[in-house]
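Residue numbering for the sequence shown follows the numbering used here, starting at 162 and increasing by one per position.
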Amino acid sequence: MSAEIREVTKDGRGLWINMTLTPRVDENNNLIGILGIGEDITERKIAEEERNRSMEKLKKALEGIIQAMVVTVETKDPYTAGHQRRTAELATAIARDLGLPEEKIESIRMAGIIHDLGKIAIPGEILSKPGRLNEIQVQV
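Here is the structure:
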């Protein structure tokens with residue numbers, strides 16, 4: 162059996178230990194003792210916590226960038242305001258119904274939000290033009 166245990170030293174420092182316990186038995190399979198091995202994994206746990214904090218900061222920054230892009234697209238094409246959010250919600254619901262892992266669901270949600278990002282490069286008069294596009298407009 163193995164477990165990661167957090168202890169506090171007498172001087173108040175946090176200490177992480179990976180403890181592995183193995184039963185020792187005699188020839189009749191009677192328990193005669195337990196062998197325990199402990200490994201100090203404090204540095205690894207601190208690095209993991211730091212990495213997790215950095216990942217959270219990156220996720221928040223990415224969300225902010227994506228939100229700015231959504232606002233840009235919706236400003237350029239106000240007729241479809243809310244479309245990206247609704248697409249993301251629908252895609253997320255389908256992914257959940259399919260039982261996909263949470264990490265995949267989050268990727269699908271983001272893809273739903275940014276799927277119309279290409280509209281930023283298209284002139285507004287083409288995006289909001291009623292009816293069919295002429296040959297020149299199609300080429301833009």
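Even glycine gets a Cβ: it sits at the ideal position worked out from N, Cα and C.
Within 10 Å of its beta-carbon, does residue i have 16 or more other beta-carbons around it, so buried, or fewer, so exposed?
i: Gly273; result: buried
i: Gln228; result: exposed
i: Val169; result: exposed
i: Val186; result: exposed
Can you pull the DSSP bridge partners for residue i?
i: Thr181; result: Ser163 and Ile198
i: Gly175; result: Val169
i: Leu219; result: According to DSSP, which records beta bridges pairwise, Leu219 is partnered with nothing at all.
i: Leu192; result: Val186
Sort the options by Cα distance to residue i and report the nearest one.
i: Ile207; options: Ala282, Leu192, Gly175 and Val232; result: Gly175
i: Asn179; options: Ile202, Val186, Asn191 and Leu192; result: Ile202
i: Met271; options: Gln245, Asn190 and Gly199; result: Gln245
i: Glu250; options: Ala282, Glu267 and Asn189; result: Glu267
i: Ala282; options: Ser163, Asn191, Met230 and Ala254; result: Met230
i: Ala254; options: Ile269, Ala222 and Gly173; result: Ile269
Do residue i and residue j have their C-beta atoms within less than 8 Å of each other?
i: His339; j: Thr248; result: In the structure as shown, the chain begins at 162 and stops at 301. Residue 339 is therefore absent and cannot be evaluated.
i: Leu182; j: Gly197; result: yes
i: Lys280; j: Lys237; result: yes
i: Gln300; j: Ile287; result: no
i: Ala252; j: Lys265; result: no
i: Glu165; j: Trp177; result: yes
i: Tyr240; j: Ser163; result: no
Is there at least one Cβ from chain D nearer than 8 Å to residue i's Cβ?
i: Arg214; result: Absence of chain D from the displayed structure is noted, only one protein chain being present.
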